[in-house]
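S.K.:
Protein chains: 2
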Amino acid sequence: MPQGVPTSVPDDGLTTRQRRNAPLLVVHTGEMKGKSTAAFGLALRAWNQGFPIGVFQFVKSAKWKVGEEAAFRALDQVHTDTGQGAPVEWHKMGEGWSWTRKQGTEEDHAGAAREGWAEIARRLRSEAHGFYVLDEFTYPLHWGWVDVDEVVSALRERPGHQHVVITGRNAPAALVEAADLVVEMTKVKHPMDAGRKGQRGIEW
Amino acid sequence: MPQGVPTSVPDDGLTTRQRRNAPLLVVHTGEMKGKSTAAFGLALRAWNQGFPIGVFQFVKSAKWKVGEEAAFRALDQVHTDTGQGAPVEWHKMGEGWSWTRKQGTEEDHAGAAREGWAEIARRLRSEAHGFYVLDEFTYPLHWGWVDVDEVVSALRERPGHQHVVITGRNAPAALVEAADLVVEMTKVKHPMDAGRKGQRGIEW
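Protein sequence lines, in the order shown, are assigned to chains A and B.
Each residue of the first sequence is one higher than the last, beginning at 1 in the UniProt record's numbering.
Each residue of the second sequence is one higher than the last, beginning at 1 in the UniProt record's numbering.
1) Report back the beta-carbon spacing between A:N48 and B:A43 to the nearest angstrom; my notes put them in contact at under 8 Å.
2) What are the boundary residues of the beta strand (DSSP E) that A:G57 is part of?
3) Taking only beta-carbon positions, decide if A:W47 is within less than 8 Å of chain B.
4) Note down, in chain order, each residue of its chain lying with its Cβ closer than 7 Å to the Cβ of A:H79, except the 5 sequence neighbours on either side.
5) Which complete beta strand (DSSP E) runs does the region 85–167 of chain B hold, if anything under 3 residues is left out?
6) So, does the CB of B:T80 fall closer than 8 Å to a CB anywhere in chain A?
7) Under 9 Å between beta-carbons, which chain A residues line up against B:V66? List them in chain order, please.
8) Examine chain A for any beta-carbon lying closer than 8 Å to the beta-carbon of B:E106, and answer yes or no.
9) Near A:I166, which residues of its chain fall below 6 Å by C-beta distance, leaving aside the five closest residues on each side in sequence?
10) I want to verify the contact list: residues of chain A whose CB lies under 8 Å from the CB of B:F51, in sequence order.
11) Under 8 Å, Cβ to Cβ, is there at least one residue of chain A near B:V93?
12) List, in order along the chain, the chain B residues whose C-beta lies closer than 7 Å to that of A:G160?
13) How about A:H142: is its C-beta nearer than 8 Å to some C-beta of chain B?
14) Determine the direct distance from the alpha carbon of A:V59 to that of A:E106, and round the result to whole angstroms.
15) Got a sec? Which residues, its chain only, sit under 6 Å from A:S36 by beta carbon, not counting five neighbours each side?
16) When burial is assigned at 16 or more other CB atoms within 10 Å of the CB, is B:D149 buried or exposed?
17) Measure the alpha-carbon distance for B:M32 versus A:L175 and round it to whole angstroms.
18) Provide the residue(s) that pair with A:K189 in DSSP beta bridges, ordered along the chain.
19) For B:L75, which three-state DSSP category applies?
20) I'd like to know whether the C-beta atoms of A:V182 and A:T82 end up nearer to each other than 8 Å.
21) Considering just the uninterrupted stretch of the beta strand (DSSP E) at A:L25, what are its terminal residues?
22) Can you look up A:G41 in the DSSP assignment and give me helix, strand or coil?
23) Give me the chain B residues within the contact set of A:F131, using Cβ-Cβ distance strictly less than 8 Å, ordered along the chain.
24) So with Cβ pairs under 8 Å, would you call B:F40 a contact of chain A?
25) Chain B partners of A:L75, CB-CB under 9 Å?
26) Below 7 Å CB to CB, which residues in the same chain sit around A:V152 once its five sequence neighbours on both sides are set aside?
27) Taking only beta carbons into account, state which residues of the region 162–187 of chain B come closer than 8 Å to chain A, listed in chain order.
28) Compare the C-beta of A:H109 against all C-beta atoms of chain B and say whether one is closer than 8 Å.
29) Does DSSP put B:N170 in a helix, in a strand, or in coil?
30) Could you compute how far the alpha carbon of A:K189 sits from the alpha carbon of B:A121?
31) Can you list, in chain order, the residues of its chain whose CB lies under 8 Å from that of B:Q199, leaving out five sequence neighbours each side?
32) With DSSP collapsed to three states, give me the class of B:E177.
33) In its own chain, which residues sit with a C-beta less than 6 Å from the C-beta of A:S23, not counting the 5 before and 5 after it?
34) When the cut-off is 8 Å and only beta carbons count, does residue 209 of chain A lie next to chain B?
35) Cα separation between A:G104 and A:A38?
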């Protein structure tokens with residue numbers, strides 16, 4: 001539990017309140033499970049605070065995240081019906097990004113990843129959301145499909161109050177450098193070591 | 001993303017399907033943020049699969065988890081209204097456990113923790129839930145308030161199909177030994193290092 005005591009106070013000319021409320025860039029990386037699930041757990045807090053949520057999944061097949069998607073679509077409906085929480089938009093690369101409505105035949109994953117990032121950059125500039133989950137976005141960065149320096153500068157220059165959480169293994173050094181909070185999920189023990197495969201309610 | 005290829009297949013007389021569907025004991029430990037948030041992210045999947053959820057928070061003050069609680073109460077209501085997902089029960093130690101309705105004056109935290117565990121043990125025996133989050137339960141174990149061996153044997157002997165996720169620092173060795181999946185959240189970088197305190201939508 002946070003004890004509310006910073007280990008140092010920087011000489012940056014900001015008040016504690018300004019510093020406290022600065023929007024965060026968060027990276028969940030490492031080899032182990034929990035990177036995306038922790039990002040979606042954070043999104044629950046954002047939802048409750050009324051921050052409009054945008055989820056962008058950089059995955060070929062998003063079948064492993066259907067549980068979270070269904071729950072957040074239900075929470076979006078709660079917001080529509082009652083005003084509680086915040087709106088949630090959920091987009092995935094796998095079937096062609098939702099805003100383009102291209103279907104199925106997308107074979108150019110690098111192109112799709114670049115197209116996804118271009119849309120996110122537009123949304124950051126126009127302050128479209130308050131809380132972004134860029135799920136598994138480290139992969140297109142790591143593979144060189146999307147330019148890391150361009151991403152870092154768009155993130156550094158984003159206006160207003162927009163939190164961004166990026167998940168995935170192999171987070172590039174420049175992204176870690178730019179981030180405010182970086183968590184590495186480390187394996188201690190995994191059921192696959194005992195010959196088990198994934199199962200519903202846990203993996204998806 | 002799971003590749004579905006176990007690194008070894010044990011000689012335990014079980015079929016792959018039996019092994020696959022064995023209920024899991026999961027531990028999220030380590031010094032860093034993300035332990036509870038990842039547990040609640042997993043609970044979203046369980047909700048979507050229709051596993052009745054029981055959350056038990058072993059914390060004096062649960063103010064840091066209000067976002068998740070509000071979102072899961074909304075999801076419980078969605079289940080009541082539409083049948084989608086699963087019911088969610090949420091109990092916390094801080095104000096006296098919900099089922100006892102004691103208010104405010106609880107000063108005996110060790111006693112409250114033991115009482116919480118006794119109720120969870122009863123629920124495990126009667127298969128009350130399909131997915132349990134024992135949030136920050138490692139602390140009463142670490143401090144010796146609740147007996148680790150008793151907990152481990154109740155978990156090992158739990159009937160039916162009940163997943164259990166336990167979060168907190170300093171997970172006792174016997175608990176790690178009994179767990180199927182253990183993730184350690186490791187700090188790479190934290191905003192408090194840069195003189196920032198916690199903020200809404202991130203810490204609560």
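For each residue, glycine too, the CB sits at the ideal point set by N, CA and C.
M.R.: A quick look at the data gives this:
1) 15 Å between Cβ atoms; not a contact.
2) Inspection of the sequence shows that residue 57 of chain A is occupied by Gln rather than by Gly. Residues 53–57.
3) A:W47 counts as touching chain B.
4) Taken in chain order, the residues that qualify are G85, A86, P87.
5) With a minimum length of 3 residues, the continuous beta strand (DSSP E) runs that stay inside the region 85–167 of chain B are 88–92, 131–135, 163–167.
6) False, the Cβ-Cβ gap to chain A never drops below 8 Å.
7) Those are R45, N48, listed as they occur along chain A.
8) Unreliable positioning characterises B:E106 in this predicted model, as indicated by a pLDDT of 47, which lies under 50. The coordinate reading is nonetheless provided below. Cβ-Cβ to chain A under 8 Å: no for B:E106.
9) Taken in chain order, the residues that qualify are V27, L134, F137.
10) In chain order: G201.
11) Correcting the residue identity first, residue 93 of chain B is Met in this sequence and not Val. No, its Cβ sits nowhere closer than 8 Å to a Cβ of chain A.
12) Simply none; closest approach about 14 Å.
13) No - not a single Cβ of chain B is within 8 Å of the one on A:H142.
14) Legend: pLDDT at A:E106 = 47, less than 50; position of this residue unreliable, no value from coordinates given.
15) Around A:S36: D135, T167.
16) Under this definition B:D149 is an exposed residue.
17) Their Cα atoms are separated by approximately 19 Å.
18) According to DSSP, which records beta bridges pairwise, A:K189 is partnered with B:V182.
19) Assigned with DSSP and collapsed to three states, B:L75 falls in helix.
20) Not in contact: A:V182 and A:T82 (Cβ atoms no closer than 8 Å).
21) Here the beta strand (DSSP E) through A:L25 covers 25–29.
22) Here A:G41 sits in helix by DSSP.
23) Result: G201.
24) Closer than 8 Å: yes.
25) Residues of chain B passing the Cβ test: A71, A74, L75, V78.
26) Closer than 7 Å at the Cβ level, and outside the excluded window around A:V152, lie A174, L175, A178.
27) Of all residues in the region 162–187 of chain B, only H163, V176, A179, D180, L181, V182, V183, E184, M185, T186, K187 come within less than 8 Å of chain A when Cβ atoms are compared, listed by chain position.
28) Chain B has no Cβ within less than 8 Å of the Cβ of A:H109.
29) Here B:N170 sits in coil by DSSP.
30) A:K189 and B:A121: Cα-Cα distance of roughly 24 Å.
31) Around B:Q199: no qualifying Cβ.
32) Here DSSP, grouped into helix, strand and coil, assigns B:E177 to helix.
33) Strictly speaking, residue 23 of chain A in this sequence is Pro, with Ser absent from that position. For A:P23, same chain residues with a beta-carbon under 6 Å away, outside a window of 5 residues either side, are H161, Q162, H163 in chain order.
34) No information on residue 209 of chain A is available, as it lies outside the stretch 1 to 204 that chain A covers here.
35) Annotation note: pLDDT 48 at A:G104 (below 50); position unreliable, coordinate value reported separately. Spanning the two alpha carbons is a distance of roughly 29 Å.
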